[in-house]
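These notes are about the structure you will find just below.
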Amino acid sequence: MPVPSSFNDITQNKTIRDYLGWSWYDKEFYVPQRWANDFRILLRFESAHYFTIVYLNGNEVMNHTGGHLPFEADITKFLNFSSLNRITVALNNTLSDQTIPQGSKTFKSKKDGPYPDGFYTQGTNFDFFNYAGIHRSVILYATPTIHIDDILIVTEVQNNTSHVSYIIASSTSAPEPQNPECLIQIIDREGQTIASKTGCSEVISIKNAKLWWPNTMHFDPGYLYKMHVKIVWKNITDEYYQPFGIRTVKVTKNQFLINEKPFYFMGFGKHEDSNIRGKGLDIPLIIKDFNLINWIGANSFRTSHYPYAEEIIDQADAQGIVVIDECPAVGLTSFGDVLLKQHKSVLRELVMRDRNHPAVIAWSVANEPSSAKSSADKYFGEVTKFVKFLDPTRPVTAAINADYTKEKAGKYLDFVMLNHYFSWYSDAGSLEIIFPLLVNFMTKAHEVYQKPIMMSEYGADTIAGLHMDPPFIFTEDYQTELMVLHHKAFDVLRNKGFFVGEHIWNFADFLTLQQITRVVGNKKGIFTRERQPKASAKLLRCRYHTLTNRSIEGGIAYCPNIGASDFKC
């Protein structure tokens with residue numbers, strides 16, 4: 001079985017594709033003898049779904065609950081140096097009401113019919129395929145016995161001076177106490193050292209620093225510096241280069257500000273999903289997706305509905321693409337203490353991994369929870385408080401689809417994302433109701449929330465190549481007409497002053513569980529699963545370029561000649 005990959009689509013075996021339960025991986029490897037002297041050896045998994053137990057030479061060395069985020073352990077004492085080692089991984093993809101995300105088992109007995117003994121199905125609270133496997137890289141690496149354990153960088157900007165605060169944490173496996181010296185350098189894009197400092201917790205001030213900007217706000221977006229961190233104790237050194245960007249993020253009553261300038265979200269919800277690989281790390285696909293994001297003119301995406309590979313966030317940093325970083329709490333239907341503990345654990349892992357990424361401008365704590373339940377009130381109060389404790393520098397949000405007059409989570413958020421599918425899950429086929437209902441919906445929601453609002457999901461399933469005039473559901477014509485009417489409503493809402501963004505669902509088609517409402521997956525993508533554009537992609541390309549007064553270079557775009565004045569609320 002290849003690693004990284006999901007195991008589901010690799011074989012021709014239906015049992016493996018739909019497998020639920022424990023799966024086992026084995027790998028043999030050697031470690032050079034020189035690593036046995038004055039080194040600490042770690043084994044790191046970037047992602048495995050869902051519950052993982054790792055054994056080395058027959059010894060359990062770590063376990064982890066949750067997919068999508070990294071975990072590691074010091075395995076030095078379990079290694080054989082210059083002789084064979086065997087790593088064994090036990091992986092279970094079963095979900096329950098106490099996991100993040102949630103799921104359920106439905107058992108069938110003989111009274112239900114002649115089902116096989118023990119037959120059951122896995123239900124999920126989400127609309128994407130529950131891919132399983134070792135999804136990202138597995139890394140074996142060595143550090144000195146005294147080593148850099150963590151780096152935290154926080155930036156502020158005052159007039160023409162940028163302040164870079166940092167905290168360097170170190171650890172030791174040496175027998176005697178240590179207090180290493182920290183030597184810090186700030187290196188610009190050209191490789192020049194522009195500032196330096198001694199100390200493990202200090203502030204470096206930089207005059208006229210280049211700020212990190214989104215791609216639609218500046219001619220030189222995604223400017224990154226590197227912090228060269230070196231710790232020294234006696235004759236032991238450890239060093240690391242940490243990329244970072246200098247920028248500020250702020251939410252006011254009606255605006256989302258980056259570097260004190262209004263930012264309007266234009267982009268998508270996405271998925272880590274591709275043919276054969278499933279959710280396995282796919283570097284060529286990552287680069288292709290960013291090329292498409294830039295081609296279409298988007299400036300942002302949400303990591304719906306779980307943390308993406310860090311390679312994706314790295315690209316967003318470098319290209320100036322804004323990221324709303326979402327944890328895997330999708331479709332929560334119950335809110336108890338056990339779930340809250342796991343929710344907090346996942347959020348801690350997410351924040352610790354991504355807090356130095358300038359592209360990450362907000363934490364999303366949930367997608368479409370049953371937040372109208374009374375138990376959701378205290379729960380989301382705790383969740384948002386915890387995230388703000390972990391990172392007070394970024395706003396907190398969530399994607400809400402519950403009735404805004406009854407739901408309990410929105411009052412704890414800094415800005416609100418709303419998911420609603422006008423003329424799809426309600427009033428399907430009735431395009432004429434989109435404009436008045438959408439304007440009314442968002443206006444009334446703002447009256448309740450009194451904070452910035454964006455649309456985080458809208459759209460329609462569309463089969464590539466299917467056409468009908470007048471437009472009919474599932475055709476490319478219907479998707480484009482639905483989008484035009486949403487866009488005109490968005491323009492009216494922008495003029496009201498509180499509407500801060502539009503993310504269509506979805507960037508590309510993706511696989512789901514087998515359902516009679518899903519034709520080999522969810523087809524709401526602007527692109528097919530193979531990343532070919534539907535007609536809607538050229539419409540969206542015009543929309544996003546027009547909103548930011550950018551010229552369209554290469555290829556074509558569909559720009560309908562229609563204005564908001566043609567519609568009445």
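Using UniProt numbering, you'd call the opening residue of the sequence shown number 1 and step up by one each time.
Each residue gets a CB set at the ideal place from its N, CA and C atoms; glycine is no exception.
Beta-carbon spacing of residue i, residue j below 8 Å
i: ALA73; j: LEU42; result: yes
i: LYS534; j: ALA557; result: no
i: ASN57; j: ASN85; result: yes
i: LEU454; j: PHE265; result: Note on identity: in this sequence residue 454 is Met, with Leu being the wrong assignment. Yes.
i: HIS49; j: GLY133; result: yes
i: PRO4; j: ILE10; result: no
i: SER205; j: HIS163; result: yes
i: LEU485; j: ILE434; result: yes
i: THR143; j: PHE29; result: no
i: THR475; j: LEU466; result: yes
i: LEU224; j: GLY245; result: yes
i: PHE129; j: LEU418; result: no
i: ASP273; j: PHE510; result: yes
i: THR462; j: SER536; result: yes
i: PHE422; j: TYR458; result: yes
i: LEU69; j: VAL346; result: yes
i: TYR240; j: ILE167; result: no
i: SER109; j: GLN33; result: no
i: SER201; j: LEU91; result: no
i: ASN522; j: ASP18; result: no
i: ALA398; j: ALA362; result: no
i: VAL330; j: GLU382; result: no
i: GLU310; j: ARG353; result: yes
i: LEU350; j: PRO307; result: yes
i: LEU443; j: LYS496; result: Reading the sequence as shown, one finds Thr at residue 443 and not Leu. Contact flag set, yes.
i: LEU20; j: ASN93; result: yes
Cβ shell of residue i (< 6 Å), same chain only, five flanking positions each side left out
i: THR384; result: VAL396, TYR412
i: THR65; result: PHE51
i: GLY280; result: PRO4, SER5, SER6, HIS135
i: CYS559; result: CYS542
i: VAL157; result: THR248
i: PHE380; result: ALA409, TYR412
i: GLY278; result: SER6, ASN8, ASP9, TYR131
i: ARG550; result: none
i: PHE107; result: TYR120
i: VAL31; result: LEU79, PHE81
Whole-angstrom C-beta distance between residue j and residue i, which should lie under 8 Å
i: LEU183; j: LYS230; result: 4 Å
i: PRO452; j: GLN255; result: 6 Å
i: TRP505; j: GLY222; result: Not confirmed; about 25 Å, so no contact.
i: GLN185; j: HIS228; result: 4 Å
i: ILE258; j: PRO214; result: 6 Å
i: PRO101; j: ASN125; result: 6 Å
i: THR88; j: TYR120; result: That pair is no contact at about 27 Å.
i: SER170; j: VAL203; result: Not quite, the Cβ-Cβ distance comes to about 19 Å (not below 8 Å), so this is no contact.
i: PHE386; j: HIS446; result: About 27 Å separates the two Cβ atoms, so there is no contact after all.
Neighbourhood of residue i by C-beta distance below 8 Å, restricted to the same chain and skipping five residues each side
i: SER565; result: No answer about SER565 holds up, because its pLDDT of 44 lies below 50 and its placement is not dependable.
i: ALA428; result: ILE473
i: ALA372; result: ALA402, ASP403, LYS406, GLU407, LYS408
i: ASN160; result: LYS207, ASN208
i: ARG531; result: LEU285, LYS288, ASP289, LEU292, ALA508
i: PHE78; result: LEU56, ASN57, ASN59, VAL61
Bridge partners - residue i, DSSP secondary structure assignment
i: THR25; result: The residue you asked about is not Thr; residue 25 is Tyr in the sequence shown. Partner(s): VAL89.
i: HIS503; result: GLY267
i: PRO180; result: Partner(s): none; PRO180 has no beta bridge.
i: PRO533; result: PHE527
i: ALA195; result: ILE186
i: residue 570; result: Outside the modelled stretch of the chain, which goes from 1 to 569, sits residue 570, for which no answer is possible.
i: THR462; result: PHE474
i: ILE434; result: ILE434 pairs with nothing; no bridge assigned.
i: THR65; result: PHE51
i: ARG518; result: GLN515
i: VAL203; result: SER165
Spatial neighbours of residue i in its chain, beta-carbon cut-off 7 Å, leaving aside the 5 residues before and after
i: HIS357; result: ILE313, ASP317
i: PHE567; result: A caution first: PHE567 carries a pLDDT of 44, below 50, which makes its placement in the model unreliable, though a value can still be read off. Excluding residues within five positions, the ones whose Cβ falls inside 7 Å are PHE435, LYS488.
i: ARG348; result: LEU390
i: ARG189; result: TYR223, LEU224
i: GLU553; result: none
Neighbour flag for residue i against chain D, beta carbons, 8 Å
i: TYR223; result: Here there is only one protein chain, and chain D is not present.
| query | Unbroken beta strand (DSSP E) runs of length 3 or more, entirely within the segment 101 to 171: which are they? | reply | 103 to 107, 120 to 124, 138 to 144, 146 to 158
| Whole runs of the alpha helix (DSSP H) within the segment 228 to 295, excluding any shorter than 4 residues | none
| field | Inside the segment 364 to 398 only - alpha helix (DSSP H) runs reaching at least 4 residues | value | 375 to 390
| message | Just to confirm the assignment: which complete beta strand (DSSP E) runs, minimum length 3, are found wholly within the segment 317 to 371? | response | 322 to 326, 360 to 367
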